[in-house]
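One structure is given here, and the rest of the page talks about it.
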Amino acid sequence: DEYFDALSGIGVVNLGHSHPAITKSIVNQSKKLLHTSNVYRIANQEKLATRLCHLANMDKAFFSNSGAEANEAAIKIARLYARTKNIRNPIILTANKGFHGRTMATLSATGQSKVQEGFAPLMSEFVHVDFDDIDAINKYSQNKDVVAVMLEPVQGEAGVIIPQSDYLNKVQILCEQNQWLYILDEVQAGMGRTGRLFAHQHNKITPDILCLAKGLGNGVPIGACLAKGKAAEMLTPGTHGSTFGGNPLVTGVASSVLDVFENDLILDNVIKMSQYFESEFKSKIMSSSVVKELRIKGLMIGIGLDENTIDCSKLTQKALDDKLLINITGNSIRMLPPLIISKKEIDILIKKIIKLITI
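Number 36 in my numbering belongs to position 39 of the sequence shown; there are no gaps in the numbering.
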């Protein structure tokens, strides 16, 4: 059977399933060397680190196996930074409804009680504030224990929540004024998903730490924690490590992903297809009594529905029955279609959405 994957494996296979260039990279590297040790230099790892740091204006890179591990590395950097300021009980500000992973630290950083249930006691160093509310962060400016702010540029697991256009800029100003580290979790919003390679580039800002994963490997497990300036100074040999992180296979594949982005003008396609989807949605679906709003940033799509009109809990199965893969978050349909999607495929998707929400 064929399915329309409008989730890309939840933002992972951004270049589609079994992309020939990615498959070729996996096969070729597996014939040479799958794994060595981080005790020794790894050419593919150094090549990817240099390339990512150049693209993101960063100084150092640490490679992990997942987004949660990349975020863990960021949290550890924040703790090391706290030591340089003689802060014994550091606080990291994170956002309500945000999602950063399911390890104990990243689960504690996450602002969703539904995924935290059953795992108490959580780590106490995280203070959750409302997303897209600069005053909620500013009120901690006099708190000497705060060392960092950790946010998603667009909240993905919350249902695609897009902040005001200047929110991330204002957060950066507060971080600079208070000497806090600015950590951006782009595990889901990064790697071209919003129409820029990194979502924060829409705002022309540069965080102290940038976390990536998902689409970076297009299906192979890799995460990256990039750091610059004072944050990068915390990353020294022996401060952090990973047995499998940054191995020759995954870093070679990630470099191939970047090659495809450049050679196939992926970001241009994201922008064009985002505009086309939005136009088609507004002309053919937006007037439905079931639909409350469309939230879209590139090909990161959230469709808010009237839960009094439609039973959202049944939509995932209804879509599956129609060979459509989506996600439901609360009263919203969440979609992360492949970045290589065409107008013809969007036309198919629009028809499937109409069918899905027809009562």
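The beta-carbon is built from N, C-alpha and C at its ideal position, and this holds for glycine as well.
Checklist entry - Where do the N-terminal and C-terminal ends of the beta strand (DSSP E) with residue 326 fall, by residue? => result On the sequence shown, residue 326 is found 329 positions in, with the first residue counted as 1. Its beta strand (DSSP E) spans residues 324 to 326.
Checklist entry - From what residue to what residue does the beta strand (DSSP E) around residue 222 run? => result Counted from its first residue, the sequence shown places residue 222 at position 225. Counting along the chain, residue 222 sits inside the beta strand (DSSP E) bounded by residues 220 to 224.
Item to check | For residue 179, the first and last residue of its enclosing beta strand (DSSP E) | outcome: Taking the first residue of the sequence shown as 1, we reach residue 179 at position 182. First-last of the beta strand (DSSP E) with residue 179: 178 to 182.
Checklist entry - To the nearest angstrom, how far is it from the Cα of residue 159 to the Cα of residue 74? => result The count along the sequence shown starts at 1 and reaches residue 159 at position 162. The count along the sequence shown starts at 1 and reaches residue 74 at position 77. Taking the straight line joining both Cα atoms gives about 27 angstroms.
Checklist entry - If you drop the 5 nearest sequence neighbours on each side, which residues of the same chain put their C-beta closer than 6 angstroms to that of residue 217? => result In the sequence shown, residue 217 corresponds to position 220, counting from 1. A distance below 6 angstroms between beta-carbons, with the five flanking residues on each side excluded, links residue 217 to the following residues of its chain, in chain order: 247, 250.
Item to check | Of the residues 343, 237, 131, 141, the one placed nearest residue 169, counting alpha carbons only | outcome: Along the sequence shown, one-based indexing puts residue 169 at 172. It is 131 whose Cα lies nearest to the Cα of residue 169.
Item to check | Contacting residues, own chain, Cβ-Cβ under 7 angstroms from residue 202 (five flanking each side not counted) | outcome: Numbered from 1 along the sequence shown, position 205 holds the residue referred to as residue 202. Shown here for residue 202: same chain residues with a beta carbon closer than 7 angstroms to its own, the five before and five after excluded, namely 165, 166, 169 in chain order.
Checklist entry - According to DSSP, is residue 91 helix, strand or coil? => result For the purposes of this step, residue 91 is identified with residue 94 of the sequence shown, where counting begins at 1. DSSP places residue 91 within a strand segment (E or B) once states are collapsed to three.
Item to check | Rounded C-alpha distance that separates residue 116 from residue 260 | outcome: Walking along the sequence shown from the start, residue 116 turns up at place 119. Walking along the sequence shown from the start, residue 260 turns up at place 263. Straight-line Cα distance between these residues: approximately 45 angstroms.
Checklist entry - Tell me the DSSP bridge mates of residue 145? => result Counting from 1 along the sequence shown, the entry for residue 145 is found at position 148. Beta-bridge analysis with DSSP links residue 145 to 89, 178.
Next on the checklist: Which complete alpha helix (DSSP H) runs does the stretch 258 to 333 hold, if anything under 4 residues is left out?
Outcome noted: Runs of the alpha helix (DSSP H) spanning 4 or more residues and lying entirely within the stretch 258 to 333 occur at 263 to 281, 312 to 318, in chain order.
Item to check | The alpha helix (DSSP H) enclosing residue 126, as first and last residue numbers | outcome: Indexing the sequence shown from 1 puts residue 126 at position 129. Per DSSP, residue 126 belongs to no alpha helix (DSSP H); it is in the beta strand (DSSP E), 123 to 126.
Checklist entry - Does the distance from the C-beta atom of residue 0 to that of residue 320 stay below 7 angstroms? => result In the sequence shown, residue 0 corresponds to position 3, counting from 1. In the sequence shown, residue 320 corresponds to position 323, counting from 1. Taking C-beta atoms as the reference points, residue 0 and residue 320 count as a pair closer than 7 angstroms.
Next on the checklist: I'd like to check one pair, residue 61 with residue 242: are the Cβ atoms closer than 7 angstroms?
Outcome noted: Here residue 242 corresponds to residue number 245 of the sequence shown, with the count starting at 1. Here residue 61 corresponds to residue number 64 of the sequence shown, with the count starting at 1. Cβ atoms of residue 242 and residue 61: closer than 7 angstroms.
Checklist entry - The alpha helix (DSSP H) spanning residue 5 covers which residue range? => result The residue you call residue 5 lines up with position 8 of the sequence shown. 5 to 8 is the span of the alpha helix (DSSP H), which, as asked, contains residue 5.
Checklist entry - Alpha carbon to alpha carbon, how far is residue 93 from residue 12? => result As a first step, residue 93 must be located in the sequence shown, where it is residue number 96. As a first step, residue 12 must be located in the sequence shown, where it is residue number 15. Cα to Cα, the separation comes out at about 31 angstroms.
Checklist entry - Do residue 151 and residue 332 have their C-beta atoms within less than 7 angstroms of each other? => result As a working mapping, residue 151 is identified with position 154 in the sequence shown. As a working mapping, residue 332 is identified with position 335 in the sequence shown. No, they are not a contact pair.
Checklist entry - So, is residue 122 buried or exposed, given that buried needs 16 or more other C-beta atoms within 10 angstroms? => result Your numbering for residue 122 matches position 125 in the sequence shown. Residue burial annotation: residue 122 is buried, with at least 16 other C-beta atoms found within 10 angstroms of its C-beta.
Checklist entry - What three-state label does DSSP hand residue 207 in the structure shown? => result Taking the first residue of the sequence shown as position 1, residue 207 is located at position 210. Strand.
Checklist entry - For the candidate residues 118, 256, 141, 237, whose alpha-carbon lies nearest to that of residue 21? => result Sequence index remark: in the sequence shown, residue 21 carries index 24 (1-based). Nearest of 118, 256, 141, 237 to residue 21, Cα basis: 256.
Next on the checklist: Across the stretch 43 to 54 and the stretch 212 to 232, are there enough close Cβ pairs to call them in contact, namely three or more that are closer than 8 angstroms?
Outcome noted: Flag = yes, the stretch 43 to 54 and the stretch 212 to 232 touch.
Checklist entry - Where does residue 161 fall in DSSP's three states? => result Taking the first residue of the sequence shown as 1, we reach residue 161 at position 164. Residue 161 falls in the coil class under three-state DSSP.
Checklist entry - Thinking C-alpha only, which one of 155, 138, 177, 197 is nearest residue 162? => result Stepping through the sequence shown from its first residue, residue 162 is reached at position 165. Scanning 155, 138, 177, 197 for the CA closest to the CA of residue 162 turns up 197.
Checklist entry - Which full runs of the alpha helix (DSSP H) of 4+ residues lie inside the stretch 36 to 69, going along the chain? => result Taking only runs of at least 4 residues, the alpha helix (DSSP H) segments lying wholly in the stretch 36 to 69 are 40 to 53.
Item to check | Per-residue DSSP class, three states only, for residue 113 | outcome: Counted from its first residue, the sequence shown places residue 113 at position 116. When secondary structure is reduced to three states using DSSP, residue 113 falls in the helix class.
Checklist entry - Are residue 271 and residue 295 close, meaning C-beta to C-beta below 7 angstroms? => result For the purposes of this step, residue 271 is taken as the residue at position 274 of the sequence shown. For the purposes of this step, residue 295 is taken as the residue at position 298 of the sequence shown. The answer is yes: Cβ separation under 7 angstroms.
Item to check | Top-ranked residue by Cα proximity to residue 266, from 193, 300, 124, 312 | outcome: Working through the sequence shown from its first residue, we reach residue 266 at position 269. Of the residues 193, 300, 124, 312, the one whose Cα lies closest to the Cα of residue 266 is 193.
Checklist entry - If you follow the alpha helix (DSSP H) that residue 24 is part of, which residue opens it and which one closes it? => result Walking along the sequence shown from the start, residue 24 turns up at place 27. The continuous alpha helix (DSSP H) containing residue 24 extends over residues 17 to 29.
Next on the checklist: Check this for me: beta carbons of residue 221 and residue 56, under 7 angstroms apart or not?
Outcome noted: Along the sequence shown, read from residue 1 onward, the residue named residue 221 stands at position 224. Along the sequence shown, read from residue 1 onward, the residue named residue 56 stands at position 59. No; because the gap between Cβ atoms is not below 7 angstroms, this pair is not in contact.
Checklist entry - Anyone know if the C-beta pair for residue 107 and residue 97 falls short of 7 angstroms? => result For the purposes of this step, residue 107 is taken as residue 110 along the sequence shown, with counting starting at 1. For the purposes of this step, residue 97 is taken as residue 100 along the sequence shown, with counting starting at 1. Against a cut-off of 7 angstroms, the Cβ pair of residue 97 and residue 107 comes out as a contact.
Next on the checklist: Given this structure, state the Cα-to-Cα distance separating residue 5 from residue 139, to the nearest angstrom.
Outcome noted: Along the sequence shown, read from residue 1 onward, the residue named residue 5 stands at position 8. Along the sequence shown, read from residue 1 onward, the residue named residue 139 stands at position 142. About 43 angstroms.
Next on the checklist: Quick check on residue 168: does DSSP put it in helix, strand or coil?
Outcome noted: Here residue 168 refers to the residue found at position 171 when the sequence shown is read from its first residue. In this structure, residue 168 counts as helix in the three-state DSSP scheme.
Item to check | Exposed unless 16 or more other CB atoms sit within 10 angstroms - verdict on residue 317 | outcome: Counting from one through the sequence shown, the residue named residue 317 turns up at place 320. Label assigned to residue 317: exposed.
Item to check | Residues near residue 30 in its chain [Cβ-Cβ closer than 6 angstroms; skip 5 each side] | outcome: Looking up residue 30 in the sequence shown gives position 33. 245, listed in sequence order.
Checklist entry - So, helix, strand or coil for residue 344, using DSSP? => result Residue numbering aside, residue 344 sits at position 347 when the sequence shown is read from its first letter. If DSSP states are grouped into helix, strand and coil, residue 344 belongs with the helices.
Next on the checklist: Looking at residue 219: is its Cβ nearer than 7 angstroms to the Cβ of residue 147?
Outcome noted: In the sequence shown, the residue the question calls residue 219 occupies position 222. In the sequence shown, the residue the question calls residue 147 occupies position 150. Contact flag unset, no.
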